[in-house]
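Below is one structure, written out as C-alpha cells; the observations come after it.
Number of protein chains: 4
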Amino acid sequence: MQPLGKSRMEAFSDGVVAIIVTIMVLELKVPHDASPEALLHLAPIFLSYALSFLVVAILWVNHHHLLHTATRITGRELWLNNHFLFWLSLVPFTTAYIGENHLAPLPVALYGLALCLAGCAFDLLRREIARDQAGDPAMAALHRRSSRTNAVSALLYLAAVPLAWVSVWLSVFIYVLVPAIYFMPRNIEKMAAGKQPA
Amino acid sequence: MQPLGKSRMEAFSDGVVAIIVTIMVLELKVPHDASPEALLHLAPIFLSYALSFLVVAILWVNHHHLLHTATRITGRELWLNNHFLFWLSLVPFTTAYIGENHLAPLPVALYGLALCLAGCAFDLLRREIARDQAGDPAMAALHRRSSRTNAVSALLYLAAVPLAWVSVWLSVFIYVLVPAIYFMPRNIEKMAAGKQPA
Amino acid sequence: MQPLGKSRMEAFSDGVVAIIVTIMVLELKVPHDASPEALLHLAPIFLSYALSFLVVAILWVNHHHLLHTATRITGRELWLNNHFLFWLSLVPFTTAYIGENHLAPLPVALYGLALCLAGCAFDLLRREIARDQAGDPAMAALHRRSSRTNAVSALLYLAAVPLAWVSVWLSVFIYVLVPAIYFMPRNIEKMAAGKQPA
Amino acid sequence: MQPLGKSRMEAFSDGVVAIIVTIMVLELKVPHDASPEALLHLAPIFLSYALSFLVVAILWVNHHHLLHTATRITGRELWLNNHFLFWLSLVPFTTAYIGENHLAPLPVALYGLALCLAGCAFDLLRREIARDQAGDPAMAALHRRSSRTNAVSALLYLAAVPLAWVSVWLSVFIYVLVPAIYFMPRNIEKMAAGKQPA
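Protein chains in written order, with the numbering used here: chain W, 1 to 198; chain Y, 1001 to 1198; chain F, 2001 to 2198; chain H, 3001 to 3198.
Okay, structure coming up:
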C-alpha cells in the first residue's frame, strides 16, 4: 500500500462527526406552547441527546488519539474509516428512535446494536493501524490495552441488546456505564501518552 | 498530559459552529404566500436569528483567539472543548423556542440559561489553557482581564433568567447589551495582541 | 491589529458555505408519487437551486482568491467575514421563498436584496484586505478592477428589487446575467494571476 | 493559469460530501411506534442509504487519490470541482425519491442519471488534472486506465436509465455491480501507488 496524507481522512471524519452531533439536537423539537410541562416533556429526549453526544464525542476523541499516532494511511484504512463512519451515522436515528418511543425494548436494543457495530468498526480501524505500529513495543502494549477496552465496550453493548426485553433499565444502565468506564482509566489517551510522553 | 495537535480540535469546533449557525437559519420557515404580512410575521424570528448568529460568532472568534495563543492541547482541554460545544449546540433550540413563542418568559429565560452555560463552559476551557500560560506575565494579565469579562457576561445572562418573569424586555435588553459590551473594549482581541503585537 | 492565521477563517467559511449549498438542495422535496408530472413540478425549484448554487459557488471562489492573496488577518477582517457569512446564510431562505411562491414579485425582490447585501458585505471584506495590499501596485490595480465588478453586480441586484414589481422576468434576467458576466472576464481569477503569474 | 493551494478545494469538497452523506441518513424517518413491522418497513430506505453511502464514499476516495497526485490547482479545476459537487448534491434527492416510491421506474432511472452525471463530472475534473500530468509516463498510463474505468461506470449507469422501464431489478443490479467492480481492481488506488510506490 502507498502512503496517503491523513489530513483529508481526518477532515472528512471531523465533518461527518460534527454533523452527526448537530443532527441529533434537531430531534429536540421546539414546543408550540411556552408551558413548563411542554418543556419537561422533552427531558427524556434531552437526556438521550446528552448521552449520544457523549458517546460520539468519546469515539471522536479516540479517533483523534488513534490517528495522532498513525504516520501513514493506506487505501484499506480509508475504507475502514468510511465503514466506521457509516455505522456512526446511524446513531442519530437510533437516538431519535428511543426519544420518539420512550424506552420501548426495540428502540433501546437497536441503540445498543448501533453502538456495538460502531465500536467494532472503530476497533477494526485501530487493528489495521496497529499492524503498522507492531515494531514499536510501547505502541504494541498500548494497542493490546486499547483492544481489551474496546472488546469490553462492544460486549457490554451487545449484551444490552437482548437485555432490553428483560428490562430496558438494564440496557440503559449499560449505556451509562460504558462512557463512565471510559472516563476512569482513560485508556487511549495514555496510549498516545506512551507514544509522546510529556 | 501529552501534547496533541490543536488543528483537529479547531476543525471539529469549526464544523460544529458552522452547522449550529446554519441550523438556526432553517427556523426561518418559508411563508406559503407571497404577501408582505406573511414576511413581516417572520421579523421576530429573523431578529432572534441575527442576535444568536452574533453571539455564536463572538464565541467562535474568542475561541479562535484563545486557541491561537495555545501551543499544546491536552486530553483535558479536548474534553472541556467538547463540553463547551455541547452547551453551544443548545443555542439553536433556545433560539427557535423564543421564535416559536414570541417572547414568553420561559423561552426567554432558557435562552439566557443556555448562553450562561455556554459562556461558563468557554471560560473553563480558557482557564485550563491559562494554566499552561501562567509563566508568561503578559498572557497572565490578559487572562485576568478576559476572566473578568467572561464573568460579567455570565452573571448578566444568569440575571436575565429570573428577570424574564419580571419583564421579558429586561432580559432582551441584557441579550443585546452583552454583545454590545463585547464590541466596545474587544478584550480577547487585545489579549492576542499582547501575545503577538503587530 | 495583530496577525492571526487565516486558516481557521477559511475553514469556518468553507463549512458555512458547504452547509448553505446543501441546505438548498433540501428544498427539493421528494414527490410522494413517481409520476413524471410530480417530478416536472419540481423544475422551477431545481432551476432556482442550480442558480443559487452557482451564485454561492462564485462567491466562494472569489473568497478563495481573495484570501489566497492575503498574508495576515486582523480581528476586523474576521468580523467582516462573519458579516459576509450572515447575509450569505439568508440565500437558502430567499431561494426557497421563490421556489415556494413561483416567481411572485416579493420573493423575487427579496432574492435580489439578499444577493446585493451578500455582495456588498463581500466587497467590504475585500476593501479591508486591499488596504493591507495598497503598497503593491499590481494588487492595487487588481483591487480597482475587482471593486468595479463588485459594484456593477451589487447595482444590478439592487435594480432587480424594484423591477420585480414591473416584471419578475426582468429581475430573473438580471439574476442570470450577473453570473454570466462573472464567467466572461474572470476578474478575480486574473487578480490572483497578477499576484502569482504562472 | 496560476497555481492556487489545493487545501481549500479539498476542505470545501470534504464539507459538502460529509453533509451529503449525513443528509441521506435523515431520510430514515423514525417510526412513531416501536413495532418490528414499522422498523422492517424502513429496510428498503436503509438499503438505498447504504448503497448511496458506498457510492458517495467511492467518489470521495477517488477524489482524494486524484487530488493527492495534483500539485497545482487552476481556476478551471476549481470550477470543474464545483460542477462535480453540484451533481453529487443531487444524490440525496434521488436516493430519497427511490426510498419514498419503492422502486418505481422513474425514481430508479433518475438515480442512475444522477450517478452518471456525477461520474462524468468527476471524469472531466480528472481529465483536466491529467493534462498537467501528461509529462509523467507513469501518471499518464494510470490516467488511461482510470479513464476507462470511469467510462465503463458512466455507461453502465446510463444503460440503467432506460432499463428501469424494462425491469427495475436490472437497474438495481447495475447499481450494485458498479461499486462491486470498483472494489475488485481498485484502479485509482493503484494509480496513486504508481505515483508513490510504497
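The C-beta atom is built at its ideal place from N, Cα and C for all residues, glycine as well.
In three-state terms, what does DSSP make of residue i?
i, result
"W/Q2", "No answer about W/Q2 holds up, because its pLDDT of 46 lies below 50 and its placement is not dependable."
"W/M191", "Any reading at W/M191 needs caution, since the residue's pLDDT is 44, under 50, leaving its predicted position unreliable; the model's value is listed next. Three-state result, W/M191: helix."
"F/L2026", "coil"
"H/M3184", "coil"
"F/A2118", "helix"
"H/P3044", "helix"
"W/A130", "helix"
"W/L80", "helix"
"H/H3032", "coil"
"Y/D1123", "helix"
"H/A3011", "helix"
"H/S3146", "helix"
"H/L3103", "coil"
"Y/G1135", "coil"
"F/S2052", "helix"
I'd like the list of long-range same chain contacts for residue i, defined as Cβ closer than 7 Å, with 5 residues on each side in sequence excluded.
i, result
"F/A2198", "Residue confidence for F/A2198 is low, a pLDDT of 27 falling below 50, so the modelled location carries little weight; the figure read from the coordinates is stated next. No residues qualify anywhere along the chain."
"F/E2010", "L2067"
"W/P92", "I20, I23, M24"
Given that a residue counts as buried once 16 or more other Cβ atoms are within 10 Å of its Cβ, and exposed if not, what is residue i?
i, result
"H/F3183", "exposed"
"H/I3045", "buried"
"H/A3192", "Because H/A3192 carries a pLDDT of 48, less than 50, the predicted location of this residue cannot be relied on, and the following value inherits that uncertainty. With 16 or more Cβ atoms within 10 Å of its Cβ, H/A3192 is classed as buried."
"F/G2005", "exposed"
"Y/T1071", "exposed"
"Y/A1050", "exposed"
"Y/H1102", "exposed"
"F/W2060", "buried"
"Y/L993", "Missing from the structure shown is residue 993 of chain Y; chain Y here goes from 1001 to 1198 and no further."
"F/S2035", "exposed"
"Y/P982", "No answer is possible for residue 982 of chain Y: the residues shown for chain Y start at 1001 and end at 1198."
"Y/R1126", "buried"
"W/F173", "exposed"
"Y/R1180", "As written in the sequence, residue 1180 of chain Y is Ala, which differs from the Arg given in the question. Classification for Y/A1180: exposed."
"Y/R1008", "buried"
"W/L199", "Nothing about residue 199 of chain W can be read from this structure; chain W reaches only from 1 to 198."
"H/G3135", "exposed"
"H/A3154", "buried"
"H/P3162", "exposed"
"F/D2014", "buried"
"Y/A1141", "exposed"
Relative to the ligand ZN, is the shortest distance from any of its heavy atoms to the C-beta of residue i smaller than 7 Å?
i, result
"F/F2183", "The ligand ZN is not part of this structure, which contains no ligands at all."
Skipping 5 residues on each side, what residues in its chain have a beta carbon closer than 6 Å to that of residue i?
i, result
"Y/V1016", "L1085"
"H/T3094", "L3110, Y3111, A3114"
"F/I2188", "Bear in mind that the predicted position of F/I2188 carries a pLDDT of just 48, short of 50, making it too unreliable to give a figure here."
"W/Q133", "M139"
"Y/P1107", "Y1097, I1098, N1101"
Quick one: which chain Y residues come within Cβ less than 8 Å of residue i?
i, result
"W/L40", "Within chain Y, no residue comes near W/L40; the closest Cβ sits about 11 Å away, beyond 8 Å."
"F/L2078", "V1061, H1064"
Name the DSSP beta bridge partners of residue i, please?
i, result
"F/I2073", "F/L2004"
Using a Cβ-Cβ cut-off of 8 Å (strictly less than) and excluding sequence neighbours within five positions of residue i, which residues of its own chain qualify?
i, result
"W/P31", "A38, L39, H41, L42"
"H/P3105", "A3164, W3165, V3168"
"H/Q3002", "Caution applies to H/Q3002, whose pLDDT of 45 falls short of 50 and renders its modelled position unreliable; the value that the coordinates give is listed next. Hits under 8 Å: T3074, G3075."
"H/L3028", "L3042, I3045, F3046, Y3049"
"Y/A1151", "D1123"
"Y/L1080", "A1121, L1124, L1125, E1128"
"F/V2021", "F2053, V2056, A2057"
Taking residue i as the query, report the chain F residues whose CB atoms sit under 8 Å from its CB, ordered along the chain.
i, result
"Y/I1019", "G2015, I2019"
"H/Y3111", "The premise fails here: H/Y3111 is roughly 12 Å from chain F at the closest Cβ pair, so nothing lies under 8 Å."
"H/Y3182", "Those do not exist, as H/Y3182 stays about 24 Å from chain F at its closest Cβ, beyond 8 Å."
"Y/L1115", "The premise fails here: Y/L1115 is roughly 18 Å from chain F at the closest Cβ pair, so nothing lies under 8 Å."
List the residues of chain W whose Cβ lies closer than 8 Å to the Cβ of residue i, in chain order.
i, result
"Y/G1005", "H68"
Residues of chain W with CB under 7 Å from residue i, in chain order?
i, result
"H/A3011", "A11"
"Y/N1082", "A57"
What in chain Y is Cβ-close to residue i, meaning under 7 Å?
i, result
"F/R2008", "E1010, D1014, H1064"
Anything in chain H within Cβ reach of residue i, meaning under 9 Å, just list it in chain order.
i, result
"F/A2130", "Per Cβ cutoff of 9 Å: no residues; F/A2130 is ~19 Å from chain H at best."
Residue i touches chain H at which residues, Cβ-Cβ below 7 Å?
i, result
"W/L106", "A3034, P3036, L3039"
Which chain F residues sit within Cβ distance under 7 Å of residue i?
i, result
"Y/F1093", "Going along chain F, no residue has its Cβ under 7 Å from Y/F1093, so there is no contact; the nearest lies around 18 Å."
In chain Y, what lies closer than 9 Å to residue i by C-beta?
i, result
"F/S2089", "V1021, T1022, M1024, V1025, Y1049, F1053"
So residue i contacts chain H; which residues on that side make the cut at Cβ distance below 8 Å?
i, result
"W/Y175", "The contacting residues do not exist; W/Y175 stays about 17 Å from chain H at best."
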